[in-house]
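Asker:
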Amino acid sequence: METPENLNNVTIFTHPLIQHKISHLRNKTTGTYEFRAVVEEIAMLMGYEALRDLPLQDVQVETPIETCMTPMLAGRKLAVVPILRAGLGMVNGILALVPSAKVGHIGLYRDAVTHEPHEYYCKLPQSIDQRIIVVTDPMLATGGSAVEAVNFIKERGGKTIKFMSIIAAPEGLMRLHEAHPDIQIYIGHLDRGLNEHAYIVPGLGDAGDRIFGTK
Numbered sequence: 052m053e054t055p056e057n058l059n060n061v062t063i064f065t066h067p068l069i070q071h072k073i074s075h076l077r078n079k080t081t082g083t084y085e086f087r088a089v090v091e092e093i094a095m096l097m098g099y100e101a102l103r104d105l106p107l108q109d110v111q112v113e114t115p116i117e118t119c120m121t122p123m124l125a126g127r128k129l130a131v132v133p134i135l136r137a138g139l140g141m142v143n144g145i146l147a148l149v150p151s152a153k154v155g156h157i158g159l160y161r162d163a164v165t166h167e168p169h170e171y172y173c174k175l176p177q178s179i180d181q182r183i184i185v186v187t188d189p190m191l192a193t194g195g196s197a198v199e200a201v202n203f204i205k206e207r208g209g210k211t212i213k214f215m216s217i218i219a220a221p222e223g224l225m226r227l228h229e230a231h232p233d234i235q236i237y238i239g240h241l242d243r244g245l246n247e248h249a250y251i252v253p254g255l256g257d258a259g260d261r262i263f264g265t266k
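Take the sequence shown: its position 31, counted from the start at 1, is 82 in my numbering, and no numbers get skipped.
1) Which residue comes first and which comes last in the alpha helix (DSSP H) that contains Glu229?
2) Tell me whether Tyr99 sits in a helix, a strand or coil according to DSSP, three-state version.
3) Apart from the five residues on each side of it in sequence, which residues of its chain come closer than 6 angstroms, Cβ to Cβ, to Leu129?
4) Let me check understanding here. Comparing Cα to Cα, which of Lys210, Tyr172, Gly140, Leu124 lies closest to Ser178?
5) With DSSP collapsed to three states, give me the class of Leu175.
6) Would you report the Cα separation of Met120 and Val110, rounded to the nearest angstrom?
7) How many angstroms separate the CA atom of Leu159 from the CA atom of Val112?
8) How big is the Cα-Cα spacing for Ile63 and Asn78?
9) So what's Leu255 in DSSP terms, helix, strand or just coil?
10) Quick check: what's the CA-CA separation for Ala94 versus Ala258?
11) Please tell me whether Ala220 and Leu245 are closer than 7 angstroms, where the distance is taken between their beta carbons.
12) Going by the beta-carbon positions, is the gap between Val132 and Ile157 smaller than 7 angstroms?
13) Hey, would you say Ile145 sits closer than 7 angstroms to Val90, going by beta carbons?
14) Helix, strand or coil: which one does DSSP assign to Thr211?
15) Would you kindly work out how many angstroms separate the C-alpha atoms of His228 and Gly140, rounded to a whole number?
16) Given Gly208, which residues of its chain have a CB within under 6 angstroms of its CB, disregarding the five upstream and five downstream residues?
17) At which residues does the beta strand (DSSP E) containing Arg161 begin and terminate?
18) From the DSSP output, in three-state form, read off Ser151 for me.
19) Determine whether the beta carbon atoms of Ala192 and Ala249 lie at a separation below 7 angstroms.
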């Protein structure tokens, strides 16, 4: 029987720094400024591992000593696609690693009754079919928004897709995997599950509200 921990396209991080920073996010006394900064830091730490397979090509560079061939990133620039609005909080962490990356946006809202996502905006970089795409959303709860976001990207030609989430519920992770087994999924921590309101438990509350200081 498949479980989230043994899926071959899923990486669940155990790095001490990531776990330490996630604990700061969970704390209800962590303020907006610190919360936002820590989300960016976690995204950068996760991105370092998630982007380890970026393609390279040798280019000629003149050092102070001599001319040499040395590796640099190859192909079209990376595309970072946050799921609005909470996914925006992770973008700068990825851009710190790859400043030249293009940024798209997917806007989804969750129905308060059914908990299913509805699209209100989708804008992706040109030549999306030639780019490695990193989709960001701090919370992977029911998995509905994640599945729909990846659907939108594939419908517009996206092929190489990575999904990054700081906290996930097993229900959402399995739903995303089953809908899109061909993408790579990176999770900071796998939580216990969902409550009756489809919030992750123990979770960290509403990531969007805590990133942007809204209620």
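Every residue gets a Cβ at the ideal spot worked out from N, C-alpha and C, and that includes glycine.
Answerer: In brief:
1) 221-230
2) helix
3) Val149, Ala152, Ile183
4) Lys210
5) coil
6) 5 angstroms
7) 44 angstroms
8) 21 angstroms
9) coil
10) 14 angstroms
11) yes
12) yes
13) no
14) strand
15) 23 angstroms
16) Ile179, Asp180
17) 156-161
18) coil
19) yes
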